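Written below as structure tokens is the structure these notes are about.
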Amino acid sequence: MSLAAGMLTLYPQLLPVAKWSVPVCLVLWGITRFYLYGVEDMLTSAAGCLLILGGFSYASYLFTPMSELNGTVAQLIPVTGIFVELFAAHYRNQE
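Going by this note's numbering, the first residue of the sequence shown is number 1, and it counts up by one from there.
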């Protein structure tokens, strides 16, 4: 963690790259859920959809100014997708 903070302090031009990597990673994580597990499992499909939607909503939050309510919803969608994916992974491991 301190290495990342040090890199961002020494090279402030990396800050937009770090800031925009979060929505890109969320979208890619959601796509891999469909690629690895298909659409047979309803919980995994919901997690993949929420992660993809969360990536796009978080990117729109970073790109456009929003009210407090819209910003909260834009940040709540990825969090919900992550929790649904953790829940789906728990049940996948038990099978």
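No residue lacks a Cβ here, since even glycine has one placed at the ideal position from N, Cα and C.
None of these values were measured; they are calculated from a predicted model.
Applying the criterion that 16 or more other CB atoms from any shown protein chain within 10 Å of the CB defines a buried residue, is LEU86 buried or exposed?
exposed
Going by DSSP, what residue range makes up the alpha helix (DSSP H) through LEU51?
42-63
Do GLY30 and LEU62 have their C-beta atoms closer together than 8 Å?
no
Among residues of its own chain, excluding the 5 on either side of GLY71, which ones have a beta-carbon nearer than 8 Å to its beta-carbon?
TYR61
Do ALA88 and THR44 have their CB atoms nearer than 8 Å?
yes
So, for ALA59: in the same chain, excluding its five sequence neighbours on each side, which residues have a beta-carbon less than 6 Å away from its beta-carbon?
Contacts found: PRO23.
Between the beta-carbon of LEU53 and the beta-carbon of ILE77, is there less than 8 Å?
yes
By DSSP, does SER21 sit in helix, in strand, or in coil?
helix
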